[in-house]
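Report on the following structure.
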Amino acid sequence: MRKNLPFPSFALGAVAASLLLLAGCQKSDTDAAAKPKGGAPEVGVVSVGTADAPLELSLPGRLSASQVAEIRPQVTGVVTKRLFTEGATVRVGQPLYQLDDASFEAERARTAAALQKAEAQLAVARSRAARDAELLKADAISRQSADDSAATLKQAEADVAVARAALDAAKVQLSRARITAPINGRADISAVTPGALVTANQTTALTTVQQLDPMQVDIVQSSSELLALRRQLEGKSGSSQIRLVLEDGSTYPLPGQLTVSGVSVDRNTGAVTLRASVPNPKGQLLPGMVVTAKLMAGVDRDAILVPQQGVSRSPTGDATALVVGEGNKVERRRLKLERAVGNRWLVTEGLKVGDKLIVEGLQRARPNQPVTPVPAGSAPKKKGDKPAGAASAPASQAKGS
1 MRKNLPFPSF
11 ALGAVAASLL
21 LLAGCQKSDT
31 DAAAKPKGGA
41 PEVGVVSVGT
51 ADAPLELSLP
61 GRLSASQVAE
71 IRPQVTGVVT
81 KRLFTEGATV
91 RVGQPLYQLD
101 DASFEAERAR
111 TAAALQKAEA
121 QLAVARSRAA
131 RDAELLKADA
141 ISRQSADDSA
151 ATLKQAEADV
161 AVARAALDAA
171 KVQLSRARIT
181 APINGRADIS
191 AVTPGALVTA
201 NQTTALTTVQ
211 QLDPMQVDIV
221 QSSSELLALR
231 RQLEGKSGSS
241 QIRLVLEDGS
251 TYPLPGQLTV
261 SGVSVDRNTG
271 AVTLRASVPN
281 PKGQLLPGMV
291 VTAKLMAGVD
301 RDAILVPQQG
311 VSRSPTGDAT
321 ALVVGEGNKV
331 ERRRLKLERA
341 VGNRWLVTEG
351 LKVGDKLIVE
361 GLQRARPNQP
371 VTPVPAGSAP
381 KKKGDKPAGA
391 ASAPASQAKG
401 S
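Under the UniProt record's numbering, the first residue of the sequence shown carries the number 1, and numbering increases by one thereafter.
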């Protein structure tokens, strides 16, 4: 019986050499597949330039009527008629309510009669004073009698003035029994009906008339934002025009105009109130609505604006970008962002005009590695490439960068 012979050592060496050769071939094939054709990977770049960046502020605001009149009675009486349609437009002087005016009419008649009596007594006193003056010239009466007649005349004239003033007051009270609109505007819902007893200067308004064209927008802005805005506006062209974004997200078609800026800072909130006037011919805007006011505060001339997809955030939160530097090598730049302008960032530090910013193929670009820059949009898409904008930071992170 033959014994099993040991496997020759030269055979083991041959097998090991074969395995190493096979692994080397596979590694070479993998490296060749990983390395892009043509050497350095292609990346899409844009040339950094300057443009005018509008300085637009979006601030919360609340609408209010430009004029508001709360209708309250100035005399006491019973409401006999409501003379307007609720929700309709009323004009200055248009009657709104009629109160029972019987007592006021009686008072007017009484004062008118008192005036007539005073005027009759005035006529008698005037005639007597004139006659006594003639008799005094002829020494037919004493000077004391003539002086008494003159004094009686002056008293009669004063009585007439008092009676006339009383009649005027009675007429005013009578006119107040008919309550009229003090301004042009739309009348609100009536708080009373015919038959209700109302009192002079009561706290509850009968109705409210509001002028809705134009409307006012009260915009609250912090004092720190106001100071920053003033610094940004230095040397820039500004505009007091505003645009409103309504609660449903739609933009109001008619522009408004900034009219008043608060002259003091609220001690509790540290805010300043700005007021704007907005035309409202169709009555689309209503008092109390919450809106967003977009204020075109100015234009930042020759600002550096770059696409947001070319900016990313480091693990520490710093804004960074990759640019193609000398020798087509990738450089990482740390940026300082001021704010978002549409789909672009306004960069104040880290980039200069003429830099080639990488916006496509960011996953193939590594700092200090050579690349082949091509205009953005012309670089071939490769499997696994991230879509444009995947490395960009959200717009809300622009502030405070």
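Beta carbons: idealized from backbone N, C-alpha and C, even for Gly.
In the structure shown, T152 falls within a helical segment according to DSSP collapsed to helix, strand and coil. M289 is not a Cβ neighbour of L55, given a cutoff of 9 Å. G185 carries a strand assignment under DSSP once its states are collapsed to helix, strand and coil.
When A169, R126, E134 and Q144 are compared, the shortest CA-CA separation from A158 is found for R126.
With contacts defined as CB atoms closer than 9 Å, T207 and V245 fail to qualify as a contacting pair. The Cβ neighbour count for G327, taken over all protein chains shown within 10 Å, is under 16; the residue is labelled exposed.
Per the coordinates, the alpha-carbon of V323 lies some 13 Å from the alpha-carbon of A376.
Taking the Cα of L258 as reference, the smallest distance to any Cα among T273, G270 and S277 is reached at S277. R366 sits in coil when the DSSP states are folded into three classes, being neither helix nor strand. Counting the other Cβ atoms within 10 Å of the Cβ of D248 gives fewer than 16, which makes it exposed. Counting C-beta atoms within 10 angstroms of its own C-beta, S142 has fewer than 16 neighbours from the protein chains shown and is therefore classed as exposed.
For the pair P370 and I358, the CB atoms are not nearer than the 9 Å cut-off.
About 17 Å separates the CB atoms of P287 and L254; that is not less than 8 Å, and the two are not in contact. Across the set V198, R332 and D318, the C-alpha of D318 shows the shortest separation from the C-alpha of E338. Linking A123 to Q173 through their CA atoms gives a straight-line distance of about 29 Å. Nearest C-alpha to D300 among G44, D52, G93 and A40: D52. Taking C-beta atoms as the reference points, R333 and D302 fail to come closer than 9 Å.
Rounded to whole angstroms, A181 and I71 show a C-alpha spacing of 8 Å.
Here I304 is buried. Its C-beta has 16 or more other C-beta atoms within 10 Å. For a cut-off of 8 Å, the C-beta gap from G270 to S222 is around 6 Å, short enough to register as a contact. With a cutoff of 9 Å on beta-carbon distance, V330 and P307 are scored as not near each other. Collapsing the DSSP output to three states places V162 in a helix.
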